[in-house]
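> For the sequence shown, this note's numbering puts the final residue at 812, and the numbers step up evenly by one. The beta-carbon is built from N, C-alpha and C at its ideal position, and this holds for glycine as well. Mind having a look at this structure? Questions to follow.
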Amino acid sequence: MLSTDRDLKRGGERFPIPSQGEVEGRLLMFEVIAVTCLQELLAKTESRLVSKLRRRLIHNLKARCAPLKLCTDDEKAAEEFALQLLSAALEEAEDERRAD
C-alpha cells in the first residue's frame, strides 16, 4: 500500500513513483470508505441529503480547484467527474443496502 513516509524508509528514495498496484489499492480504499459512509447515510436519512451532498461536493471542489488556477474547462471536467463518481458510489451503496 502507498505509504506517506516512503522517502524516510531505507530504499524508498529509489521508488519515488508508486506502482500501479499501490495506486489501485489506494483507490480501492477510497471507494470502500465512500460506499460504506454513503450506505450509513442513506440508511438513516431522507433523500434531501443526496442533493445537499452534491452541493457540498461542488462547493468543496471549487474551493480546492481555485488555488490550482485551473481553466474553466478543466474545473468543469473535474466537477462532472466528481458528480459521476458520487452517482456511481450512490448506486453501489444502494445495491449493497438492498443485498443486506
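Less than 7 Å between the C-beta atoms of Leu802 and Glu791, yes or no?
To locate residue 802, count along the sequence shown from 1; it is residue 90. To locate residue 791, count along the sequence shown from 1; it is residue 79. No; because the gap between Cβ atoms is not below 7 Å, this pair is not in contact.
> What's the C-alpha gap between Pro730 and Arg738?
Mapped onto the sequence shown, residue 730 falls at position 18. Mapped onto the sequence shown, residue 738 falls at position 26. Cα to Cα, Pro730 sits roughly 10 Å from Arg738.
> Would DSSP call Pro730 helix, strand or coil?
Locating residue 730 in the sequence shown gives position 18, where the first residue counts as 1. Pro730 falls in the coil class under three-state DSSP.
> Would you tell me roughly how many angstroms separate the C-alpha atoms of Met741 and Val747, rounded to the nearest one?
Indexing the sequence shown from 1 puts residue 741 at position 29. Indexing the sequence shown from 1 puts residue 747 at position 35. Spanning the two alpha carbons is a distance of roughly 10 Å.
> Taking 7 Å as the cut-off, decide whether the C-beta atoms of Leu750 and Ala794 are in contact.
The count along the sequence shown starts at 1 and reaches residue 750 at position 38. The count along the sequence shown starts at 1 and reaches residue 794 at position 82. It is not a contact, given that the beta carbons lie outside the stated cut-off.
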